[in-house]
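*Asks:* Numbering follows the UniProt record's numbering, with no gaps: position 45 of the sequence shown is 45. Just so you know, even glycine gets a beta-carbon here, dropped at the ideal spot from N, CA and C. Only a predicted model underlies this, so the values are computations on that prediction, with no experimental measurement involved. Handing you a structure now.
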Amino acid sequence: MVKVLDEHANVKVDGKWITLKAVLVAKRGGKTVLYLDSEGNEILKEPLCRSQFKDLKLD
């Protein structure tokens with residue numbers, strides 16, 4: 001499953017705040033949030049349980 005969580009998520013990367021697209025990817029190993037730039041390149045990846053979306057109710 002792949003689901004867009006936020007088109008404009010603010011994330012701190014290397015000490016700087018940047019706005020990225022947040023995408024949830026659910027696989028057998030668990031749920032991961034990928035943060036992508038405007039060109040679709042992966043900038044940051046973290047488990048859903050440690051992300052800013054951890055309290056999000058998923059259908």
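Expressed to the nearest angstrom, what Euclidean distance is found between the alpha-carbon atoms of E39 and T19?
*Replies:* Cα to Cα, E39 sits roughly 13 Å from T19.
*Asks:* Measure the alpha-carbon distance for K54 versus K31 and round it to whole angstroms.
*Replies:* 10 Å
*Asks:* Quick one: using the 10 Å Cβ neighbour count with 16 as the cut-off for buried, is V2 buried or exposed?
*Replies:* exposed
*Asks:* To which residues of the same chain is S51 closer than 7 Å at the C-beta, ignoring the five residues directly before and after it?
*Replies:* V33
*Asks:* Going by DSSP, what residues sit across from G29 in a beta bridge?
*Replies:* DSSP lists no partner for G29.
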